[in-house]
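Below is one structure, written out as structure tokens, with a few remarks after it.
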Amino acid sequence: MFLQKKSQFIQKVRDFFHKNDFVEVFSPILTSAPAMEDYIDAVPAKENTFLRTSPELNLKRVLAKGYDKIFEIGPCFRLGESGRFHLEEFLMLEWYRSNADYMNILDDTQNLLRHITTELQLPSPLKFSDREINLFADWEILNVDETFQKHTGISVKKALSDGIYEELLDSKIEQHLGSPVPTILKDYPPEQAAFAVTKNNNPTIAERWELYLGGLEIANCYTELTDPQIQRKRFADSAKLRKKEGRPIYPLDKKFLAAIDKGIPSSGGIALGLDRLCMILFDIDDISKVAYF
Numbered sequence: 038m039f040l041q042k043k044s045q046f047i048q049k050v051r052d053f054f055h056k057n058d059f060v061e062v063f064s065p066i067l068t069s070a071p072a073m074e075d076y077i078d079a080v081p082a083k084e085n086t087f088l089r090t091s092p093e094l095n096l097k098r099v100l101a102k103g104y105d106k107i108f109e110i111g112p113c114f115r116l117g118e119s120g121r122f123h124l125e126e127f128l129m130l131e132w133y134r135s136n137a138d139y140m141n142i143l144d145d146t147q148n149l150l151r152h153i154t155t156e157l158q159l160p161s162p163l164k165f166s167d168r169e170i171n172l173f174a175d176w177e178i179l180n181v182d183e184t185f186q187k188h189t190g191i192s193v194k195k196a197l198s199d200g201i202y203e204e205l206l207d208s209k210i211e212q213h214l215g216s217p218v219p220t221i222l223k224d225y226p227p228e229q230a231a232f233a234v235t236k237n238n239n240p241t242i243a244e245r246w247e248l249y250l251g252g253l254e255i256a257n258c259y260t261e262l263t264d265p266q267i268q269r270k271r272f273a274d275s276a277k278l279r280k281k282e283g284r285p286i287y288p289l290d291k292k293f294l295a296a297i298d299k300g301i302p303s304s305g306g307i308a309l310g311l312d313r314l315c316m317i318l319f320d321i322d323d324i325s326k327v328a329y330f
């Protein structure tokens, strides 16, 4: 029975993008150059290749070809991720729009989730782990630094410098987010936004937000970085951190770098975990039950 529900769920996601004139993309799963990010590790395949952690770099190459609205649904892989809310192999939705920013993508996200809920005739508010989530009410929008100050008593900058950012986010903050309405946690330090632009009037803030539903992080959105020099510097900074911590340093994606050198339009993009969203919509307590296999 659940396989039928999941199939209908995926179909409603596709319907939303097709009705809004997005082009569906099918990018490679094997790569020789995973995206260089601080704390996302790729699953090795064979012969100097890896399973993709995200289709992001390939989708940005499609933007550079002149496509304005694109999306992809497909499997992604991240080494060592397991638990109630994590899988090494999971289903990802990503979409990008040229001439858009992270707040335009927020509009898409609200419309998508409300569309799915309506089309599947799910209850409103949703119930997940004894918490209510009203997708049709106004969503809560919070600043990252103010949220850290409120729930931990220290700034996000201090948490990063002390190496306790993720620990505090997991133990002190996330439980307060995403109920009774969805929460958007926005405007991160650039160190926490590898592919996001910084604000024109404040280079210490990157245009990134994350969506929380019922205490669970569902999606990660950027106003996309298109400056080739800054992008190379961020890759280099990530490589230094990974070397310092004894983790693999991946080759740079030459085709992506060529695309960003040629010019990627100003755009907004987002990665949304479909397995986690499925957990929320159908009140399932373990992500392995959503993955089914």
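For this note's numbering, add 37 to where a residue sits in the sequence shown, where the first one is 1. The C-beta atom is built at its ideal place from N, Cα and C for all residues, glycine as well. Quantities reported herein were computed from a predicted structural model and do not represent experimental measurements.
Given a cut-off of 8 Å, decide if P81 and S64 are closer than it, judged by their beta-carbon atoms. In the sequence shown, residue 64 corresponds to position 27, counting from 1. In the sequence shown, residue 81 corresponds to position 44, counting from 1. Not a contact, by the Cβ cut-off of 8 Å.
When you compare the CB positions of L216 and E169, do they come within less than 8 Å of one another, or not? Working through the sequence shown from its first residue, we reach residue 216 at position 179. Working through the sequence shown from its first residue, we reach residue 169 at position 132. Strictly speaking, residue 216 in this sequence is Ser, with Leu absent from that position. Against a cut-off of 8 Å, the Cβ pair of E169 and S216 comes out as a contact.
Can at least three beta-carbon pairs, one atom from the region 112-130 and one from the region 308-324, be found at a separation below 8 Å? yes
In this structure, what does DSSP give as the bridge partners for A231? The residue labelled residue 231 in the question sits at position 194 within the sequence shown. In DSSP, A231 forms no bridge with anything.
To the nearest angstrom, report how far apart N180 and D145 are at their CA atoms. The count along the sequence shown starts at 1 and reaches residue 180 at position 143. The count along the sequence shown starts at 1 and reaches residue 145 at position 108. Approximately 20 Å, taken between the alpha carbons.
Mind reading off the beta-carbon distance from L67 to L94? Whole number of angstroms is fine, and I expect it under 8 Å. The residue you call residue 67 lines up with position 30 of the sequence shown. The residue you call residue 94 lines up with position 57 of the sequence shown. Not a contact, Cβ separation roughly 13 Å.
Can the beta-carbon of V50 be found less than 8 Å from the beta-carbon of I142? Numbered from 1 along the sequence shown, position 13 holds the residue referred to as residue 50. Numbered from 1 along the sequence shown, position 105 holds the residue referred to as residue 142. Taking 8 Å as the Cβ cut-off, V50 and I142 do not qualify as a contacting pair.
Beta-carbon within less than 6 Å of R121's beta-carbon, same chain only, minus the 5 sequence neighbours each way: which residues are those? Here residue 121 refers to the residue found at position 84 of the sequence shown. Closer than 6 Å at Cβ, skipping near neighbours: D323.
Bridge-paired residues (DSSP) for W246: Start at 1 with the first residue of the sequence shown, and residue 246 comes out as number 209. K223 and C258.
Do L206 and D75 come within 8 Å of each other at the CB atom, strictly closer than that value? The residue labelled residue 75 in the question sits at position 38 within the sequence shown. The residue labelled residue 206 in the question sits at position 169 within the sequence shown. Contact flag unset, no.
Cut-off 7 Å between Cβ atoms - residues of its own chain near K12, not counting five sequence neighbours on either side: The structure shown does not extend to residue 12, since the chain spans only 38 to 330, so no value can be given for it.
If the criterion is Cβ atoms closer than 8 Å, does the pair I297 and P265 meet it? In the sequence shown, the residue the question calls residue 297 occupies position 260. In the sequence shown, the residue the question calls residue 265 occupies position 228. Against a cut-off of 8 Å, the Cβ pair of P265 and I297 comes out as a contact.
With burial defined as no fewer than 16 other Cβ atoms inside 10 Å of the residue's Cβ, what is the status of Y249: buried or exposed? Sequence index remark: in the sequence shown, residue 249 carries index 212 (1-based). Buried, since its Cβ has 16 or more Cβ neighbours within 10 Å.
Which term fits P288, buried or exposed, when burial requires 16 or more other beta carbons within 10 angstroms of its beta carbon? Along the sequence shown, one-based indexing puts residue 288 at 251. Looking at its Cβ environment, which holds fewer than 16 other Cβ atoms inside 10 Å, P288 is exposed.
C-beta atoms of S135 and S303 nearer than 8 Å: Residue numbering aside, residue 135 sits at position 98 when the sequence shown is read from its first letter. Residue numbering aside, residue 303 sits at position 266 when the sequence shown is read from its first letter. Going by C-beta atoms, S135 is nearer than 8 Å to S303.
For L314, which residues in the same chain have their Cβ closer than 7 Å to its Cβ, ignoring the five residues on either side in sequence? As a position in the sequence shown, residue 314 is number 277, starting the count at 1. So the qualifying residues of the chain are I255.
Tell me the rounded alpha-carbon separation between A295 and H55. If you number the sequence shown from 1, residue 295 lands on position 258. If you number the sequence shown from 1, residue 55 lands on position 18. Cα to Cα, A295 sits roughly 29 Å from H55.
Between which two residues does the alpha helix (DSSP H) holding M73 run? Locating residue 73 in the sequence shown gives position 36, counting from the first residue. Taken as a continuous stretch (DSSP letters only), M73 belongs to no alpha helix (DSSP H), as it is neither H nor E.
With C-beta atoms as the reference, is A243 less than 8 Å away from R271? As a working note, residue 243 is residue 206 in the sequence shown. As a working note, residue 271 is residue 234 in the sequence shown. No, they are not a contact pair.
Pick from K299, E177 and L318: whose alpha carbon is nearest that of G103? As a position in the sequence shown, residue 103 is number 66, starting the count at 1. Looking at the Cα atoms, K299 is the closest of the given residues.
Which of the three DSSP states is assigned to R89 in this structure? In the sequence shown, counting from the first residue as 1, residue 89 sits at position 52. DSSP places R89 in coil when its eight states are reduced to three.
For W132, which beta-bridge partners are listed by DSSP? By one-based count along the sequence shown, residue 132 stands at place 95. Its beta-bridge partners are F108 and I307.
With burial defined as no fewer than 16 other Cβ atoms inside 10 Å of the residue's Cβ, what is the status of K97: buried or exposed? Counted from its first residue, the sequence shown places residue 97 at position 60. Buried, because 16 or more other Cβ atoms sit within 10 Å of the Cβ of K97.
Member of V218, Y202, G200 and V193 whose CA lies at the smallest distance from the CA of A174: Here residue 174 refers to the residue found at position 137 when the sequence shown is read from its first residue. A174 has its Cα closest to that of V218, out of V218, Y202, G200 and V193.
Buried or exposed for Q268, please, with buried defined as at least 16 other CB atoms from any protein chain shown within 10 angstroms of its CB. Along the sequence shown, one-based indexing puts residue 268 at 231. Label assigned to Q268: buried.
Taking DSSP's pairing of strands, which residues face R168 in a bridge? To locate residue 168, count along the sequence shown from 1; it is residue 131. DSSP lists F165 as partners of R168.
Classify D224: buried if its beta carbon has 16 or more other beta carbons within 10 angstroms, exposed otherwise. In the sequence shown, counting from the first residue as 1, residue 224 sits at position 187. Classification for D224: buried.
What is the C-beta distance between I317 and G251, in whole angstroms, given that I count them as a contact (C-beta under 8 Å)? Locating residue 317 in the sequence shown gives position 280, where the first residue counts as 1. Locating residue 251 in the sequence shown gives position 214, where the first residue counts as 1. About 6 Å; that satisfies the 8 Å criterion.
Under DSSP, the alpha helix (DSSP H) around L149 begins and ends at which residues? Along the sequence shown, read from residue 1 onward, the residue named residue 149 stands at position 112. Where L149 is concerned, the enclosing alpha helix (DSSP H) stretches over Y139 to E156.
L197, enclosing alpha helix (DSSP H) - first and last residue: In the sequence shown, the residue the question calls residue 197 occupies position 160. Looking at the DSSP string, the run of the alpha helix (DSSP H) that includes L197 is V193 to S198.
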